[in-house]
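Q:
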Amino acid sequence: MNLSKIILSAMLVGTLGTAYTAKGQTLPAFPGAEGFGMYTTGGRGGKVYHVTTLEDNGKTSLKGSLRWANAQAGPRIIVFDVSGTIFLKSALKINENTTIEGQTAPGDGICIADYPVTLNSNTITRYLRFRLGNRQVAHHEGDGLGGMDLHDVMVDHCSVSWSIDECLSVYGSKNLTVQWCLVGQSLKNAGHSKGAHGYGGNWGGSGATYHHNLLAHHESRVPRLGPRQSTQTDERMDLRNNVFYNWAGNGCYGGEGMNVNIVNNYYKAGPATLKRSALIQRRIAGIGIRTTAYTHHGTGTPNEWDKMWHVWGNFYVRGNVNSVHADVTKDNWTYGIYNQIDNSKVDNTYTQRTKDTICSTTPLAFYPVTTETAYEAYDKVLAYAGASLHRDAVDRLLADDVRNGTATYTGKGNGKTPGIINSQNDMKPTDAGEDWTPWPTLQQGLSPTDTDGDGMPDEWETANGCDSTIDDAAMLAANGYANIENYANSVVADITTAQLKGGMMLEGQQEAETGIKGEVVPKKKDDDTGIDNNRTTFMEVTSPRFYSIDGIERPIPQKGINIVRQTMRDGNVKVMKIVMR
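When you line the sequence shown up against mature numbering (1 follows the signal peptide of the UniProt record, and there is no 0), it's residues -21 to -1, 1 to 560, in that order.
Next up, the structure:
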């Protein structure tokens, strides 16, 4: 290995291209916000509203309710003075320019049930549970959490389950991130007018990132790579470090006309998956196109909605792991993609030329995401995904099912698809009493002293230079965040630190190169290495490790782009991009 050649390459390449920004923003939504939606501002600069009751009357007049807080004029940051489940009386659409800090709830946190919640543009939604259920199926057939045709959306550490339609379908939007969410147990035969569902979600968008999410126990759409009319000519999606478990039907499929990175995801077959064909068990994504008969709808010309649905997409697929079939892990494309395509269902357009053009050899440009190998992501996702500040019984059950390869509950008539339920009531233990409810009890907990009632404890305000005698929650601190945001971020700082530890911040360059967020380390003056002070040196590190651009570890650098993760003698970790000529 020619060390001087590596050092010179690092000097020539540098560490990063220009950082991506949205609307000129350079401040992430919060520490740990990544992907295309990372610069969403939400309610920053607006007023802070407190949710003081779990009640909902379906109207905005109930002061202190979540619906009331959402209805207030102007940008808003919503915090919680209570914990428990909010049973909505009607659907709730979050207003634009809103931040919801679910982690501020004292005790076990917040769950929202009975009616669907829909997101809006420029919204940040964190540490909430959305457990819909089908008690109100006569009034709606909603998603657990949804949103379409939006811009600047960040969904972080949310738990979504028991949907009538899709569990989590946020797509067709620009500058979107869904990260660290736990999406499980969509309902199969819940009373939807179109029949059986049990869908994970439709995912996609014009700059959309989905990373470190867990999808478990779904019939299909795990996820559906779904183009929308509003974004179909510019679908750019980054799907990385997710965990997919126990898909009972099609698993991940779609991608018509889309540009997608599918990198370092972990596919774990569950009991329902293992009852399917070996082909479905091996699936990374069943990509394809719609037939002309479908897209023309008998008119002879493509429908405006479907104009990209007969166009093959472009995909960068690498580093994905299949828990059962080693051949997929070794060769993602052959077994996880190519073999999944049925030419008879794509108008016999799957030719050698198609095979060559759908496969991208370089990543599609994407915003920074801390990336691990699929194996490392599996452990982290199981540990931290969802509303993990205080995991409830449902999330603990789902995480345990994934770890153990089990399916604890199965709905009536779903014997061939273990783990797939029809109703939240399918989770009722045989020895449960009359007062049993599927929604876990969320304890209130004790609220710390907050003299001025601004949502920030006195002790925290004193320690962080705020005034505990006046409401200064909305005031911007020196770091650019509102004081209340800094407090909310501090509540989950340990989780944020743990989930980012050991990962590499990968960033897609405009030329579709992948770089690393890090810094070049100059030689210290007192080093006796003989290397010029302005050069990058490995002499200051104790254990350099080398990776491919998508996070696969290598014993030594290889020709092309390499990532170096350097542990310094002082314990700090530096990462950079190098090129071997």
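Beta carbons are placed, not taken as given, at the ideal position from N, Cα and C, and that holds for glycine.
Give the DSSP-derived three-state secondary structure of residue 272 in the structure shown.
A: Mapped onto the sequence shown, residue 272 falls at position 293. In the three-state scheme derived from DSSP, where H, G and I count as helix and E and B as strand, residue 272 is classed as helix.
Q: Report the rounded CA-to-CA distance for residue 524 versus residue 308, giving the unit in angstroms.
A: Position 545 of the sequence shown holds residue 524. Position 329 of the sequence shown holds residue 308. Between residue 524 and residue 308, the C-alpha separation is close to 22 Å.
Q: By the three-class DSSP mapping on this structure, what secondary structure does residue 64 have?
A: Taking the first residue of the sequence shown as 1, we reach residue 64 at position 85. Residue state, collapsed to three classes: strand.
Q: Beta strand (DSSP E) containing residue 334: first to last residue?
A: Residue 334 sits at position 355 when you count from the first residue of the sequence shown. DSSP places residue 334 outside any beta strand (DSSP E); the residue lies instead in the alpha helix (DSSP H), whose first and last residues are 331 to 337.
Q: Within 10 angstroms of the Cβ of residue 449, are there 16 or more other Cβ atoms? Answer buried if so, exposed if not.
A: The count along the sequence shown starts at 1 and reaches residue 449 at position 470. Classification for residue 449: exposed.
Q: Rounded to the nearest angstrom, what separates residue 413 and residue 88 at their Cα positions?
A: Taking the first residue of the sequence shown as 1, we reach residue 413 at position 434. Taking the first residue of the sequence shown as 1, we reach residue 88 at position 109. If you take the alpha carbons of residue 413 and residue 88, they lie about 25 Å apart.
Q: Could you work out which residue in 118, 141 and 150 is closest to residue 132 when comparing CA atoms only?
A: Here residue 132 refers to the residue found at position 153 when the sequence shown is read from its first residue. Among 118, 141 and 150, the Cα nearest to that of residue 132 is on 150.
Q: Starting from residue 49, follow the alpha helix (DSSP H) in both directions and report where the run begins and ends.
A: Here residue 49 corresponds to residue number 70 of the sequence shown, with the count starting at 1. DSSP places residue 49 in the uninterrupted alpha helix (DSSP H) bounded by 45 to 50.
Q: Can you grab the Cα-Cα spacing for the pair residue 148 / residue 285, in whole Å?
A: Looking up residue 148 in the sequence shown gives position 169. Looking up residue 285 in the sequence shown gives position 306. Answer to the nearest angstrom: the Cα atoms are 19 Å apart.
Q: In this structure, does DSSP put residue 463 in helix, strand or coil?
A: Here residue 463 refers to the residue found at position 484 of the sequence shown. Residue state, collapsed to three classes: helix.
Q: Residues in its own chain within less than 6 Å of residue 247 by CB, not counting five upstream and five downstream?
A: If you number the sequence shown from 1, residue 247 lands on position 268. Taken in chain order, the residues that qualify are 224 and 302.
Q: Just to confirm my understanding: we take residue 333, look at its own chain, exclude 5 residues before and 5 after, and list those with CB closer than 8 Å. What are they?
A: For the purposes of this step, residue 333 is identified with residue 354 of the sequence shown, where counting begins at 1. Answer for residue 333: 291, listed in chain order.
Q: Who are the near neighbours of residue 339 in its chain, counting only those whose CB is closer than 7 Å to its CB and skipping five residues on each side?
A: Position 360 of the sequence shown, counted from the start, is the residue given in the question as residue 339. Only 293, 294 and 295 meet the Cβ criterion.
Q: State the DSSP-derived secondary structure class of residue 490, mapped to helix, strand or coil.
A: Within the sequence shown, numbered from 1, the residue matching residue 490 stands at position 511. Annotation note: pLDDT 26 at residue 490 (below 50); position unreliable, coordinate value reported separately. Here residue 490 carries a coil assignment [DSSP, helix/strand/coil].
Q: List the endpoints of the continuous beta strand (DSSP E) containing residue 149.
A: In the sequence shown, residue 149 corresponds to position 170, counting from 1. Looking at the DSSP string, the run of the beta strand (DSSP E) that includes residue 149 is 147 to 150.
Q: With a threshold of 16 other CB atoms inside 10 Å of the CB of residue 217, please say whether the residue is buried or exposed.
A: To locate residue 217, count along the sequence shown from 1; it is residue 238. Note on residue 217: 16 or more other CB atoms within 10 angstroms of its CB, so buried under the neighbour-count rule.
Q: Which value, in whole angstroms, describes the spacing of the CA atoms of residue 425 and residue 436?
A: Walking along the sequence shown from the start, residue 425 turns up at place 446. Walking along the sequence shown from the start, residue 436 turns up at place 457. In a straight line, the C-alpha of residue 425 is about 12 Å away from that of residue 436.
Q: What's the call for residue 408, buried or exposed, on a 16-neighbour Cβ count within 10 Å?
A: Position 429 of the sequence shown, counted from the start, is the residue given in the question as residue 408. By the 10 Å Cβ count, residue 408 comes out exposed.
Q: Could you give the distance in angstroms between the alpha-carbon of residue 1 and the alpha-carbon of residue 392?
A: Locating residue 1 in the sequence shown gives position 22, where the first residue counts as 1. Locating residue 392 in the sequence shown gives position 413, where the first residue counts as 1. Interpretation of residue 1 is limited by its pLDDT of 46, a score under 50 that renders its predicted location unreliable; the figure taken from the coordinates is listed afterwards. Between residue 1 and residue 392, the C-alpha separation is close to 48 Å.
Q: Just confirm the distance between the C-beta atoms of residue 86 and residue 62, as a whole number of angstroms; I'd bet it's less than 8 Å.
A: Residue 86 sits at position 107 when you count from the first residue of the sequence shown. Residue 62 sits at position 83 when you count from the first residue of the sequence shown. Rounded, the Cβ-Cβ distance is 4 Å, consistent with contact.
Q: Specify the secondary structure class of residue 524 as computed by DSSP and reduced to three states.
A: Reading the sequence shown from its first residue, position 545 is the one you call residue 524. Three-state DSSP puts residue 524 in a strand.
Q: Pull up the CB-CB distance for residue 144 and residue 120, whole angstroms please, since I reckon it's below 8 Å.
A: Start at 1 with the first residue of the sequence shown, and residue 144 comes out as number 165. Start at 1 with the first residue of the sequence shown, and residue 120 comes out as number 141. Yes, they are in contact, since the Cβ atoms of residue 144 and residue 120 sit about 6 Å apart, within 8 Å.
Q: Could you tell me which of 432, 352 and 279 sits nearest to residue 447, measuring between CA atoms?
A: Here residue 447 corresponds to residue number 468 of the sequence shown, with the count starting at 1. Looking only at 432, 352 and 279, the smallest Cα-Cα distance to residue 447 is reached by 432.
Q: If distances are taken between C-alpha atoms only, which option among 543, 83, 146 and 130 comes closest to residue 111?
A: Sequence index remark: in the sequence shown, residue 111 carries index 132 (1-based). Ranking 543, 83, 146 and 130 by Cα distance to residue 111 puts 146 first.
Q: With a Cβ-Cβ cutoff of 8 Å, do residue 389 and residue 482 count as a contact?
A: To locate residue 389, count along the sequence shown from 1; it is residue 410. To locate residue 482, count along the sequence shown from 1; it is residue 503. No.
Q: Tell me residue 71's beta-bridge partners as DSSP assigns them.
A: For the purposes of this step, residue 71 is taken as residue 92 along the sequence shown, with counting starting at 1. Residue 71 pairs with 96.
Q: If you run the structure through DSSP and keep just helix, strand and coil, what is residue 309?
A: Locating residue 309 in the sequence shown gives position 330, where the first residue counts as 1. Correct three-state label for residue 309: helix.
Q: Kindly give me the distance between the Cβ atoms of residue 127 and residue 152, rounded to whole angstroms, as I take these residues to be in contact under 8 Å.
A: Translated into positions along the sequence shown, residue 127 becomes position 148. Translated into positions along the sequence shown, residue 152 becomes position 173. The beta-carbon separation of residue 127 and residue 152, rounded to 7 Å, stays under the 8 Å limit for a contact.
Q: Keeping to the same chain, check which residues put their C-beta closer than 8 Å to that of residue 474; ignore five residues upstream and five downstream.
A: By 1-based counting over the sequence shown, the position of residue 474 is 495. So the list reads 136, 363, 367 and 368, once near-sequence residues are dropped.
Q: Candidates 173, 242 and 230: which alpha carbon is nearest residue 255's?
A: Sequence index remark: in the sequence shown, residue 255 carries index 276 (1-based). Closest option to residue 255, Cα to Cα, is 230.
Q: Roughly how many angstroms lie between the CA atoms of residue 226 and residue 373, to the nearest whole one?
A: Position 247 of the sequence shown, counted from the first residue, corresponds to residue 226. Position 394 of the sequence shown, counted from the first residue, corresponds to residue 373. So the alpha carbons of these two residues sit roughly 18 Å apart.
Q: Rounded to whole angstroms, what's the CA-CA distance from residue 154 to residue 211? Just pull it up for me.
A: Position 175 of the sequence shown holds residue 154. Position 232 of the sequence shown holds residue 211. Distance between the alpha carbons of residue 154 and residue 211 is about 15 Å.
Q: Going by alpha carbons, who is nearest to residue 233 out of 345, 346, 134 and 199?
A: Here residue 233 is taken as the residue at index 254 of the sequence shown, counted from 1. Residue 199 is the option with its Cα nearest to residue 233.
Q: What residue from 22, 189 and 355 has the CA that sits closest to residue 463's CA?
A: Position 484 of the sequence shown, counted from the first residue, corresponds to residue 463. For residue 463, the nearest C-alpha among the options comes from 22.
Q: With a CB to CB cut of under 8 Å and the five nearest residues on each side skipped, what residues in its chain are close to residue 172?
A: The residue you call residue 172 lines up with position 193 of the sequence shown. Scanning its chain for C-beta atoms nearer than 8 Å, with the 5 sequence neighbours on each side dropped, one finds around residue 172 the residues 120, in chain order.
Q: Which of the three DSSP states, helix, strand or coil, is assigned to residue 440?
A: Position 461 of the sequence shown, counting from 1, holds the residue named residue 440. Three-state result, residue 440: helix.
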